[in-house]
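S.K.: One structure follows; several queries about it will come next.
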Amino acid sequence: MISRAQALACGLTDSRVEWSVASGRWRRIHLGVYATFTGPLPFDARVWAAILRVGPGAAASHRTAAYLDGLCDDPGPVIHITVPADRYVEPRIDGVRIHYAQRLPLTRHPAATPPRTRLDETVPDLVDVAPHPREAETWVTAACQRRLTTPERLADALGRRKKIRWRAMVAAMLVDVASGAQSPLELRHLRRVERAHGLPTGCRQRRVAGQRVIWIDVDYDDYGLRVELDGRIGHTGEGRFRDRHRDNRATVDGHATLRYGHADVYGDSCAVAAEHARVLQARGWTRHPRPCGPSCVIRTVIIQDRPRHDVVDPG
């Protein structure tokens with residue numbers, strides 16, 4: 001891939017460049033950017049073409065950088081390029097989306113080619129543009145599961161951002177990964193799911209002895225309901241099978257198991273509370289949950305399902 005400016009700097013003339021394109025030896029990819037070969041255009045070449053078109057200081061970022069670093073298996077339909085915030089780039093470049101960043105000189109990888117942001121900075125970029133907390137959780141999870149970075153490095157990158165979407169959720173995830181103990185996720189569940197909706201108080205971190213000792217994150221023993229909060233990133237491999245065996249044993253013993261992650265508890269705590277309430281009521285809980293606010297789904301999902309003859313205690 002070569003730009004017209006690079007070709008002229010190498011000693012070629014404008015007429016020679018035009019002749020190379022007209023003869024089919026070169027192909028014009030973007031305005032002033034050419035492929036000096038025939039045949040299919042590899043992904044790396046597409047990224048280089050976009051960077052050359054955008055100009056000095058540009059670097060691949062977001063999903064494009066994630067794909068180049070092995071964070072995802074699909075690069076998506078467009079090339080994402082970030083440029084310094086003090087530059088202006090023509091807004092419409094076919095197949096290219098432009099981002100602007102004040103800190104690009106610090107977040108750009110010093111040696112990777114094609115030029116791109118450091119992976120520890122790419123993940124927060126993707127989190128910031130994620131439309132749903134579950135997608136943000138997926139990016140953080142993938143980065144740690146694929147051993148491309150560590151929770152500590154991601155936490156450092158997160159701390160350097162003045163503004164970022166889903167900060168509380170991601171910070172909690174990273175703390176959970178690093179410590180794995182009584183987690184912010186469990187605290188969020190206690191406050192925003194249980195207390196905010198008037199649910200029974202579960203027993204937390206309950207030790208159950210049997211053929212092997214297991215720990216239950218939240219146990220509603222009177223109603224045969226167990227809640228598992230997967231705070232540690234990476235319930236895969238042996239961990240996933242241990243979770244499955246634990247859930248199966250609980251079912252055999254007559255317990256129901258509900259399992260949630262950060263995206264559930266941080267992203268839609270009211271829906272989580274609604275599921276809790278349905279199972280608890282089906283297993284003998286005779287009271288009713290309360291909405292945490294005017295838009296709480298408990299109001300429409302749970303209260304709507306009450307029998308017509310039901311009378312709600314104002315207290």
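Numbering-wise, the sequence shown is residues 1 to 315 according to the UniProt record's numbering.
Think of the CB as a built atom: it goes at the ideal place given N, C-alpha and C, for glycine as much as any other residue.
1) Answer yes or no: do A58 and I51 have a C-beta to C-beta separation smaller than 8 Å?
2) How should W19 be labelled, buried or exposed, when 16 other C-beta atoms within 10 angstroms of its C-beta is the threshold for buried?
3) Taking the alpha-carbon positions, what's the A136 to P291 distance?
4) Can you tell me the Cβ-Cβ gap for L119 and T149, rounded? I've got them flagged as a contact below 8 Å.
5) Looking at the secondary structure, which residues open and close the alpha helix (DSSP H) in which residue 329 lies?
6) Under a Cβ-count criterion, where at least 16 other Cβ atoms within 10 Å of its own Cβ denotes burial, should W215 be classed as buried or exposed?
7) Would you mind sorting S295 into buried or exposed? The rule is 16 or more other CB atoms within 10 Å of its CB.
8) Touch check for the stretch 184 to 193 and the stretch 150 to 162: three-plus C-beta pairs under 8 Å?
9) Do L174 and P151 have their beta-carbon atoms positioned less than 8 Å apart in this structure?
10) At the level of alpha carbons, what is the spacing between D94 and G32?
11) Can you have a look at P56 and say buried or exposed, based on whether 16 or more other CB atoms are within 10 angstroms of its CB?
12) Would you mind working out which of E121, Q205, V218 sits nearest L71, comparing C-alpha positions?
13) Quick one, which of A35, F43, T13 has its alpha-carbon nearest D73's?
14) Give every residue of the same chain whose Cβ lies closer than 8 Å to the Cβ of F241, excluding the five residues on either side of it in the sequence, and list them in chain order.
15) Would you report the Cα separation of V170 and W48, rounded to the nearest angstrom?
16) Closest to T287 by CA distance: which of A130, L199, V123 is it?
17) What residues in its chain sit with their C-beta under 6 Å from that of G267, if we drop five residues either side in the sequence?
18) I need the straight-line Cα distance from R204 to R116, nearest angstrom please.
19) Given a cut-off of 8 Å, decide if L187 and G225 are closer than it, judged by their beta-carbon atoms.
20) Closest by CA to L106, which one among V89, V83, A274?
21) What residue does the alpha helix (DSSP H) around T138 start on, and which one ends it?
22) Counting only the same chain and skipping the five closest in sequence on each side, list residues whose C-beta sits under 8 Å from that of Y67.
23) Classify G180 as buried or exposed, calling it buried when 16 or more other Cβ atoms lie within 10 Å of its own Cβ.
24) Enumerate in chain order the residues of its own chain whose CB-to-CB distance from V21 is below 6 Å, with the five nearest sequence positions on each side excluded.
25) Figure out for me which residue from V123, A35, F37, A111 has the closest Cα to the Cα of I164.
26) Helix, strand or coil: how does DSSP classify W285 here?
M.R.: Checking against the coordinates, here is how it stands:
1) Within the sequence shown, residue 58 is the residue found at index 58, counting from 1. Within the sequence shown, residue 51 is the residue found at index 51, counting from 1. Yes, the pair counts as a contact, with Cβ atoms nearer than the cut-off.
2) On the sequence shown, residue 19 is found 19 positions in, with the first residue counted as 1. Exposed, since its Cβ has fewer than 16 Cβ neighbours within 10 Å.
3) In the sequence shown, the residue the question calls residue 136 occupies position 136. In the sequence shown, the residue the question calls residue 291 occupies position 291. The alpha-carbon atoms of A136 and P291 are separated by roughly 27 Å.
4) Within the sequence shown, residue 119 is the residue found at index 119, counting from 1. Within the sequence shown, residue 149 is the residue found at index 149, counting from 1. At roughly 6 Å, the Cβ-Cβ gap stays under 8 Å, so L119 and T149 are in contact.
5) Because the chain spans 1 through 315 in this model, residue 329 falls outside it and cannot be assessed.
6) Counting from one through the sequence shown, the residue named residue 215 turns up at place 215. Burial call: exposed.
7) Counted from its first residue, the sequence shown places residue 295 at position 295. Exposed: under 16 other Cβ atoms inside 10 Å.
8) no
9) Taking the sequence shown and counting its residues from 1, one reaches residue 151 at position 151. Taking the sequence shown and counting its residues from 1, one reaches residue 174 at position 174. In this structure, L174 lies closer than 8 Å to P151 by Cβ.
10) Sequence index remark: in the sequence shown, residue 94 carries index 94 (1-based). Sequence index remark: in the sequence shown, residue 32 carries index 32 (1-based). Distance between the alpha carbons of D94 and G32 is about 13 Å.
11) On the sequence shown, residue 56 is found 56 positions in, with the first residue counted as 1. So P56 counts as exposed.
12) Mapped onto the sequence shown, residue 71 falls at position 71. Nearest of E121, Q205, V218 to L71, Cα basis: E121.
13) Translated into the one-based positions of the sequence shown, residue 73 becomes position 73. It is F43 whose Cα lies nearest to the Cα of D73.
14) Residue numbering aside, residue 241 sits at position 241 when the sequence shown is read from its first letter. Summary for F241: the model assigns pLDDT 42, below 50, so the residue's position carries little reliability, and this model does not support an answer.
15) For the purposes of this step, residue 170 is taken as the residue at position 170 of the sequence shown. For the purposes of this step, residue 48 is taken as the residue at position 48 of the sequence shown. For V170 and W48, the distance between alpha carbons rounds to 32 Å.
16) Here residue 287 refers to the residue found at position 287 when the sequence shown is read from its first residue. Reading off the sequence, residue 287 comes out as Arg, not Thr. Closest by alpha carbon: L199.
17) Numbered from its first residue, the sequence shown carries residue 267 at position 267. Here the set comprises P133.
18) Numbered from 1 along the sequence shown, position 204 holds the residue referred to as residue 204. Numbered from 1 along the sequence shown, position 116 holds the residue referred to as residue 116. Using only the alpha carbons, I get a separation of about 44 Å.
19) Taking the first residue of the sequence shown as 1, we reach residue 225 at position 225. Taking the first residue of the sequence shown as 1, we reach residue 187 at position 187. A quick correction: the sequence has Leu, not Gly, at residue 225. No. Outside cutoff.
20) Locating residue 106 in the sequence shown gives position 106, counting from the first residue. In terms of CA proximity to L106, V83 leads the group V89, V83, A274.
21) Numbered from its first residue, the sequence shown carries residue 138 at position 138. Here the alpha helix (DSSP H) through T138 covers 133 to 145.
22) As a working mapping, residue 67 is identified with position 67 in the sequence shown. The answer, listed in chain order, is F43, D73, D74, P75, G76.
23) In the sequence shown, residue 180 corresponds to position 180, counting from 1. For G180, the pLDDT reaches just 38, beneath the cut-off of 50, and the residue's location in the model is therefore unreliable, leaving the point undetermined.
24) Your numbering for residue 21 matches position 21 in the sequence shown. Hits under 6 Å: R28.
25) By 1-based counting over the sequence shown, the position of residue 164 is 164. Cα-wise, what sits closest to I164 is V123.
26) Indexing the sequence shown from 1 puts residue 285 at position 285. Annotated three-state conformation of W285 is coil, per DSSP.
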